[in-house]
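A.B. asks: Structure in structure tokens, see below.
Number of protein chains: 2
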Amino acid sequence: MAFKFQLLKKDPKSMARLGIIQTDHSTIETPVFMPVGTQATVKTLTKEELEAAGAHIILANTYHLWNQPGHKLIERAGGLHKFMNWDRSILTDSGGFQVFSLADFRNIKEEGVYFKHHKSGAPLFLSPEIAIEIQNSLGSDIMMSFDECPPYPSSREYMEKSVERTIRWAKRGQNAHRNADRQALFGIVQGGEYQDIREYCTKELVAMDFPGYSIGGLSVGEPKEIQNKVLSYTTPLIPENKPRYLMGVGSPGAILDGVERGIDMFDCVLPTRIARHGTAITSTGRLLLKNKEFEKDLSPVDHKCTCYTCTYYTRSYIRHLIKAGEILGMRLLSIHNIHFLLQLMADIRQAIKEKRFLEFKEAFYASYGLNESESDF
Amino acid sequence: MAFKFQLLKKDPKSMARLGIIQTDHSTIETPVFMPVGTQATVKTLTKEELEAAGAHIILANTYHLWNQPGHKLIERAGGLHKFMNWDRSILTDSGGFQVFSLADFRNIKEEGVYFKHHKSGAPLFLSPEIAIEIQNSLGSDIMMSFDECPPYPSSREYMEKSVERTIRWAKRGQNAHRNADRQALFGIVQGGEYQDIREYCTKELVAMDFPGYSIGGLSVGEPKEIQNKVLSYTTPLIPENKPRYLMGVGSPGAILDGVERGIDMFDCVLPTRIARHGTAITSTGRLLLKNKEFEKDLSPVDHKCTCYTCTYYTRSYIRHLIKAGEILGMRLLSIHNIHFLLQLMADIRQAIKEKRFLEFKEAFYASYGLNESESDF
Numbered sequence: 008m009a010f011k012f013q014l015l016k017k018d019p020k021s022m023a024r025l026g027i028i029q030t031d032h033s034t035i036e037t038p039v040f041m042p043v044g045t046q047a048t049v050k051t052l053t054k055e056e057l058e059a060a061g062a063h064i065i066l067a068n069t070y071h072l073w074n075q076p077g078h079k080l081i082e083r084a085g086g087l088h089k090f091m092n093w094d095r096s097i098l099t100d101s102g103g104f105q106v107f108s109l110a111d112f113r114n115i116k117e118e119g120v121y122f123k124h125h126k127s128g129a130p131l132f133l134s135p136e137i138a139i140e141i142q143n144s145l146g147s148d149i150m151m152s153f154d155e156c157p158p159y160p161s162s163r164e165y166m167e168k169s170v171e172r173t174i175r176w177a178k179r180g181q182n183a184h185r186n187a188d189r190q191a192l193f194g195i196v197q198g199g200e201y202q203d204i205r206e207y208c209t210k211e212l213v214a215m216d217f218p219g220y221s222i223g224g225l226s227v228g229e230p231k232e233i234q235n236k237v238l239s240y241t242t243p244l245i246p247e248n249k250p251r252y253l254m255g256v257g258s259p260g261a262i263l264d265g266v267e268r269g270i271d272m273f274d275c276v277l278p279t280r281i282a283r284h285g286t287a288i289t290s291t292g293r294l295l296l297k298n299k300e301f302e303k304d305l306s307p308v309d310h311k312c313t314c315y316t317c318t319y320y321t322r323s324y325i326r327h328l329i330k331a332g333e334i335l336g337m338r339l340l341s342i343h344n345i346h347f348l349l350q351l352m353a354d355i356r357q358a359i360k361e362k363r364f365l366e367f368k369e370a371f372y373a374s375y376g377l378n379e380s381e382s383d384f
Numbered sequence: 008m009a010f011k012f013q014l015l016k017k018d019p020k021s022m023a024r025l026g027i028i029q030t031d032h033s034t035i036e037t038p039v040f041m042p043v044g045t046q047a048t049v050k051t052l053t054k055e056e057l058e059a060a061g062a063h064i065i066l067a068n069t070y071h072l073w074n075q076p077g078h079k080l081i082e083r084a085g086g087l088h089k090f091m092n093w094d095r096s097i098l099t100d101s102g103g104f105q106v107f108s109l110a111d112f113r114n115i116k117e118e119g120v121y122f123k124h125h126k127s128g129a130p131l132f133l134s135p136e137i138a139i140e141i142q143n144s145l146g147s148d149i150m151m152s153f154d155e156c157p158p159y160p161s162s163r164e165y166m167e168k169s170v171e172r173t174i175r176w177a178k179r180g181q182n183a184h185r186n187a188d189r190q191a192l193f194g195i196v197q198g199g200e201y202q203d204i205r206e207y208c209t210k211e212l213v214a215m216d217f218p219g220y221s222i223g224g225l226s227v228g229e230p231k232e233i234q235n236k237v238l239s240y241t242t243p244l245i246p247e248n249k250p251r252y253l254m255g256v257g258s259p260g261a262i263l264d265g266v267e268r269g270i271d272m273f274d275c276v277l278p279t280r281i282a283r284h285g286t287a288i289t290s291t292g293r294l295l296l297k298n299k300e301f302e303k304d305l306s307p308v309d310h311k312c313t314c315y316t317c318t319y320y321t322r323s324y325i326r327h328l329i330k331a332g333e334i335l336g337m338r339l340l341s342i343h344n345i346h347f348l349l350q351l352m353a354d355i356r357q358a359i360k361e362k363r364f365l366e367f368k369e370a371f372y373a374s375y376g377l378n379e380s381e382s383d384f
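Structure representation (structure tokens):
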């Protein structure tokens with residue numbers, strides 16, 4: 008198997024860790040943030056712009072690509088890397104999250120989930136085997152098991168039943184996987200905010216010896232404290248030689264909290280989504296560039312940033328573009344926001360290397376501010 | 008004055024010409040196509056992408072920039088070049104065309120035009136002096152006189168009155184111009200399809216000795232034959248040491264027809280507008296990439312093209328992006344279409360240089376097809 012994770016260093020004062028993931032397509036230093044390319048494109052950006060920002064791995068969504076243009080078409084085009092012109096690593100989710108977050112109607116059975124397409128309403132069916140088959144066709148470097156992602160809050164009774172099924176589905180997916188030599192399939196730990204269920208789920212999945220583990224069912228509306236508590240007791244249950252991926256989390260604050268609790272991988276649509284609505288993430292907090300105060304502001308988005316946008320363009324110009332509905336405005340802010348988060352990860356790695364992660368976190372908040380709401384993405 | 012036009016060569020078998028325009032910001036080989044950056048951005052593209060496509064001059068719209076973000080703001084930012092991060096040449100129109108094409112209501116008086124904003128309905132007033140003042144603030148390398156662009160068809164009686172006013176307005180604009188040392192103000196020839204009025208207007212404007220002349224009032228719905236006829240008798244009236252600019256024309260066929268009739272400069276929103284709707288201009292005609300036939304087509308948009316899009320991406324992938332509403336699809340086709348037209352201009356210049364322009368035109372049509380409709384842009 009080409010996939011390899013190496014733990015390089017552990018922070019003495021927290022659970023933060025430094026590592027390296029090796030895939031057939033790239034070497035990825037962890038902790039890592041993965042920009043999201045839902046429909047085989049990180050919205051508005053080219054490969055070169057992602058590389059310039061320092062991206063070594065991106066995420067694509069199985070559910071969307073299965074529906075449009077179809078995984079078989081992508082397989083015939085030579086796989087997802089070739090189809091979208093991205094030769095570094097790709098992680099795909101299982102489609103499970105979209106089934107539970109997008110579909111209006113769903114019927115969960117032991118064999119899989121019957122549901123309707125989120126736009127057309129067409130009847131669809133996804134199972135552990137189909138989710139794996141799609142990801143095998145896409146040829147992603149890291150794949151996800153098909154799981155149920157229960158809403159927050161869910162009853163203990165429901166969560167117990169759901170997690171049992173998620174464990175059975177993980178096993179079925181592992182059996183269906185036909186490219187284990189070149190695609191690493193991760194297990195997904197569910198269990199909501201119930202510590203004993205999380206522990207049970209982790210133990211069962213660890214017994215199946217997946218090359219990596221995702222922590223799912225977080226960032227679904229629960230308070231930040233619960234997310235952090237779940238992480239604190241879950242990551243220690245995962246063997247330390249396996250990477251840990253916190254799904255769907257990507258605000259600077261949540262990344263720092265996750266790293267502190269032993270998370271190695273993050274992804275989120277946040278940086279590109281808020282960019283398209285005119286918001287920049289900066290070292291001094293978020294800037295809503297549509298605001299009147301930036302109309303005549305000839306400074307860069309972030310004085311401390313070295314990205315293309317901050318090198319050549321002013322807040323005043325970007326505000327004009329966003330107000331005028333111009334795509335270049337969305338592009339420039341997407342470039343900046345992705346660069347900002349990837350630079351944050353590089354800074355975090357440097358801090359862990361120098362045994363000063365918690366100090367770095369303090370200093371980051373002192374500049375960024377602590378008032379970041381987790382609910383606005 | 009920094010602006011200079013040098014006529015290098017005349018085609019022996021047609022009115023086609025080869026020349027060079029020099030401004031404070033760049034050297035421009037003519038015949039030239041100028042991509043349109045209405046709101047201080049050529050839609051979806053960066054400076055680097057425009058440069059890679061071979062753009063040495065772009066156009067920006069006075070009307071739009073006057074309204075948003077305002078010419079005074081741009082002047083305070085150091086002028087339009089600096090504001091938008093474009094250090095090659097910029098041509099601005101006068102705002103006149105938008106007053107007549109966008110505004111629902113207008114009241115043309117000798118002093119200028121009273122009209123309403125095309126979106127907000129706010130009352131606005133433009134005069135020759137104001138149009139020049141705005142362009143002086145923007146700091147474009149080439150400016151346009153404020154003119155009336157009558158619709159097609161207009162009566163002879165109306166056209167005579169309108170052209171008289173346009174001539175008086177041209178004079179007033181010339182008098183109001185405060186940066187003649189670094190911004191070249193062009194006169195605009197109007198007169199519709201009336202040969203004697205075109206002749207009269209040209210003669211009057213030539214007497215004012217503008218550094219260049221635009222031919223306006225074409226591409227406003229008249230048949231192609233009329234456009235070509237007007238060009239055939241108008242360009243010979245313009246001194247050959249002055250550049251001639253055919254406003255708003257940019258389909259390959261119309262460009263070839265214009266070059267044949269002595270036009271040096273073209274602009275049009277066509278390449279970027281149809282790109283955003285999924286249409287590519289290629290050496291074998293237009294491709295509507297949304298069409299089902301391209302679903303599995305793994306060839307580039309145009310085999311003969313060397314642009315970024317054609318180097319790295321397939322028709323199948325671009326079709327997927329366009330269907331999925333992804334901005335990258337619009338970007339890739341905008342890059343291609345601009346590159347295609349600028350390469351066409353380079354090929355035209357090479358053909359004129361080698362005294363084979365008419366043969367080149369024949370060969371282009373043999374591949375491109377003659378069925379191009381002028382009405383769809």
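Residue numbers (the numbering used here), protein chains in the order written: chain P, 8 to 384; chain V, 8 to 384.
All C-beta atoms, glycine included, are put in the ideal place defined by N, C-alpha and C.
In the structure shown, what three-state DSSP assignment does Cys317 of chain P receive?
C.D. replies: Position 310 of the first sequence, counted from the first residue, corresponds to residue 317 of chain P. Here Cys317 of chain P sits in helix by DSSP.
A.B. asks: Whole angstroms are fine: how far does the CA of Glu155 of chain P sit from the CA of Gly103 of chain P?
C.D. replies: Working through the first sequence from its first residue, we reach residue 103 of chain P at position 96. Working through the first sequence from its first residue, we reach residue 155 of chain P at position 148. Computed Cα separation, rounded: 6 angstroms.
A.B. asks: Using a C-beta to C-beta distance shorter than 7 angstroms, which residues of chain V count as neighbours of Asn92 of chain P?
C.D. replies: Numbered from its first residue, the first sequence carries residue 92 of chain P at position 85. Within chain V, the residues near Asn92 of chain P are Tyr319 and Tyr320.
A.B. asks: Hey, how far is the Cα of Phe384 of chain V from the Cα of Gly199 of chain V?
C.D. replies: By 1-based counting over the second sequence, the position of residue 384 of chain V is 377. By 1-based counting over the second sequence, the position of residue 199 of chain V is 192. Low confidence applies here, because Phe384 of chain V scores a pLDDT of 35, under 50, leaving its location unreliable; read the following figure in that light. If I take the Cα positions, the gap works out to 20 angstroms.
A.B. asks: Can you give the Cα-Cα distance for Tyr159 of chain V and Val227 of chain V, rounded to whole angstroms?
C.D. replies: The sequence position of residue 159 of chain V within the second sequence is 152, counting from 1. The sequence position of residue 227 of chain V within the second sequence is 220, counting from 1. So the two alpha carbons sit approximately 6 angstroms from each other.
A.B. asks: Would you verify that the beta carbon of Glu333 of chain P is, or is not, closer than 9 angstroms to some beta carbon of chain V?
C.D. replies: Numbered from its first residue, the first sequence carries residue 333 of chain P at position 326. Cβ-Cβ to chain V under 9 angstroms: yes for Glu333 of chain P.
A.B. asks: Establish whether the CB of Lys303 of chain V and some CB of chain P are separated by less than 9 angstroms.
C.D. replies: Numbered from its first residue, the second sequence carries residue 303 of chain V at position 296. By this cut-off, Lys303 of chain V is an interface position.
A.B. asks: Quick one: does Leu52 of chain P have its CB under 9 angstroms from some CB of chain V?
C.D. replies: Here residue 52 of chain P refers to the residue found at position 45 when the first sequence is read from its first residue. Taking Cβ atoms only, chain V reaches closer than 9 angstroms to Leu52 of chain P, which makes this a yes.
A.B. asks: Check each candidate in P:Thr48, P:Asp111, P:Ser127 and P:Leu98 and name the one with the smallest Cα separation from Phe90 of chain P.
C.D. replies: To locate residue 90 of chain P, count along the first sequence from 1; it is residue 83. The candidate whose alpha carbon is nearest that of Phe90 of chain P is P:Thr48.
A.B. asks: With 9 angstroms set as the bound, which would you pick, yes or no: does the beta-carbon of Leu145 of chain P sit closer than that to a beta-carbon of chain V?
C.D. replies: Working through the first sequence from its first residue, we reach residue 145 of chain P at position 138. No - not a single Cβ of chain V is within 9 angstroms of the one on Leu145 of chain P.
A.B. asks: Please specify which runs of the alpha helix (DSSP H), each continuous and at least 4 residues long, are wholly inside the region 88-145 of chain V, giving them in chain order.
C.D. replies: If we require 4 residues or more, the alpha helix (DSSP H) runs fully inside the region 88-145 of chain V come out as 103-108 and 135-145.
A.B. asks: Would you kindly check if the distance between the Cβ of Thr321 of chain V and the Cβ of His343 of chain V is under 9 angstroms?
C.D. replies: Stepping through the second sequence from its first residue, residue 343 of chain V is reached at position 336. Stepping through the second sequence from its first residue, residue 321 of chain V is reached at position 314. No, Cβ-Cβ distance for His343 of chain V and Thr321 of chain V is not below 9 angstroms.
A.B. asks: Which stretch, first to last residue, makes up the beta strand (DSSP E) that contains Gly194 of chain P?
C.D. replies: Counting from 1 along the first sequence, the entry for residue 194 of chain P is found at position 187. Ala191 to Val196 is the extent of the beta strand (DSSP E) around Gly194 of chain P.
A.B. asks: Is the beta carbon of Glu302 of chain V less than 9 angstroms from the beta carbon of Leu244 of chain V?
C.D. replies: Here residue 302 of chain V refers to the residue found at position 295 when the second sequence is read from its first residue. Here residue 244 of chain V refers to the residue found at position 237 when the second sequence is read from its first residue. Result no, Cβ atoms of Glu302 of chain V and Leu244 of chain V do not sit closer than 9 angstroms.
A.B. asks: Chain B beta carbons: is any one of them nearer than 9 angstroms to that of Ser221 of chain P?
C.D. replies: Considering every chain present, this structure includes no chain B. Its protein chains are P and V.
A.B. asks: Give, in chain order, every residue of the region 166-188 of chain V whose Cβ lies closer than 8 angstroms to some Cβ of chain P.
C.D. replies: The residues in question: there are none.
A.B. asks: According to DSSP, which residues form a beta bridge with Val43 of chain V?
C.D. replies: Indexing the second sequence from 1 puts residue 43 of chain V at position 36. DSSP, once it has assigned bridges, lists V:Leu66 as partnering Val43 of chain V.
A.B. asks: Taking the continuous alpha helix (DSSP H) assigned at Arg363 of chain V, which residues delimit it?
C.D. replies: In the second sequence, counting from the first residue as 1, residue 363 of chain V sits at position 356. Arg363 of chain V -> no alpha helix (DSSP H), and no H or E assigned at all.
A.B. asks: Reducing DSSP to helix, strand and coil, say where Thr48 of chain V ends up.
C.D. replies: As a working mapping, residue 48 of chain V is identified with position 41 in the second sequence. Note: Thr48 of chain V maps to coil in three-state DSSP.
A.B. asks: Could you tell me if Gln357 of chain P is buried or exposed, where buried requires 16 or more neighbouring beta carbons within 10 angstroms of its beta carbon?
C.D. replies: Here residue 357 of chain P refers to the residue found at position 350 when the first sequence is read from its first residue. It is exposed - the Cβ of Gln357 of chain P has fewer than 16 other Cβ atoms within 10 Å.
A.B. asks: Is there a Cβ from chain V that is less than 9 angstroms from the Cβ of Met41 of chain P?
C.D. replies: To locate residue 41 of chain P, count along the first sequence from 1; it is residue 34. Not one chain V Cβ lies under 9 angstroms of Met41 of chain P.
A.B. asks: Taking Tyr207 of chain P as part of the beta strand (DSSP E), name the residues at either end of that continuous run.
C.D. replies: Taking the first residue of the first sequence as position 1, residue 207 of chain P is located at position 200. Tyr207 of chain P -> not in any beta strand (DSSP E); alpha helix (DSSP H) instead, spanning Gln202 to Ala214.
A.B. asks: Could you check the C-alpha separation between Thr51 of chain V and Ser108 of chain V for me, to the nearest Å?
C.D. replies: The residue given as residue 51 of chain V occupies position 44 in the second sequence. The residue given as residue 108 of chain V occupies position 101 in the second sequence. Thr51 of chain V and Ser108 of chain V: Cα-Cα distance of roughly 24 angstroms.
A.B. asks: With DSSP run on the structure shown, which of helix, strand or coil describes Glu36 of chain V?
C.D. replies: The residue given as residue 36 of chain V occupies position 29 in the second sequence. Glu36 of chain V falls in the strand class under three-state DSSP.
A.B. asks: Using the three-state DSSP reduction, which class does Asp274 of chain P fall into: helix, strand or coil?
C.D. replies: Residue numbering aside, residue 274 of chain P sits at position 267 when the first sequence is read from its first letter. It is a strand residue.
A.B. asks: Between His352 of chain P and Asp274 of chain V, what straight-line distance do the alpha-carbon atoms span, to the nearest angstrom?
C.D. replies: As a working note, residue 352 of chain P is residue 345 in the first sequence. As a working note, residue 274 of chain V is residue 267 in the second sequence. According to the sequence as given, residue 352 of chain P is Met; it is not His. When rounded, the distance between both Cα atoms is 45 angstroms.
A.B. asks: Quick check: the Cα distance between His346 of chain V and Leu340 of chain V, rounded to an integer number of angstroms?
C.D. replies: Counted from its first residue, the second sequence places residue 346 of chain V at position 339. Counted from its first residue, the second sequence places residue 340 of chain V at position 333. Near 10 angstroms, if we compare the C-alpha coordinates of Leu340 of chain V and His346 of chain V.
A.B. asks: Thr69 of chain V touches chain P at which residues, Cβ-Cβ below 8 angstroms?
C.D. replies: The residue you call residue 69 of chain V lines up with position 62 of the second sequence. Those do not exist, as Thr69 of chain V stays about 15 angstroms from chain P at its closest Cβ, beyond 8 angstroms.
A.B. asks: Using only the alpha-carbon positions, how far apart do His71 of chain V and Ala62 of chain V sit?
C.D. replies: For the purposes of this step, residue 71 of chain V is taken as the residue at position 64 of the second sequence. For the purposes of this step, residue 62 of chain V is taken as the residue at position 55 of the second sequence. If I take the Cα positions, the gap works out to 22 angstroms.
A.B. asks: Please list, in chain order, the chain P residues whose beta carbon lies closer than 8 angstroms to that of Gln46 of chain V.
C.D. replies: Residue numbering aside, residue 46 of chain V sits at position 39 when the second sequence is read from its first letter. What Gln46 of chain V touches in chain P: His327, Leu328, Ala331 and Glu333.
A.B. asks: Would you mind telling me which residues of chain P sit closer than 8 angstroms to Ser323 of chain V, beta carbon to beta carbon, in chain order?
C.D. replies: In the second sequence, the residue the question calls residue 323 of chain V occupies position 316. Ordered by position in chain P, the residues that pass the 8 angstroms Cβ test against Ser323 of chain V are Pro76, Leu80, Ala84 and Phe90.
A.B. asks: Can you grab the Cα-Cα spacing for the pair Ile141 of chain V / Lys79 of chain V, in whole Å?
C.D. replies: Indexing the second sequence from 1 puts residue 141 of chain V at position 134. Indexing the second sequence from 1 puts residue 79 of chain V at position 72. Each residue's alpha carbon lies about 8 angstroms from the other.
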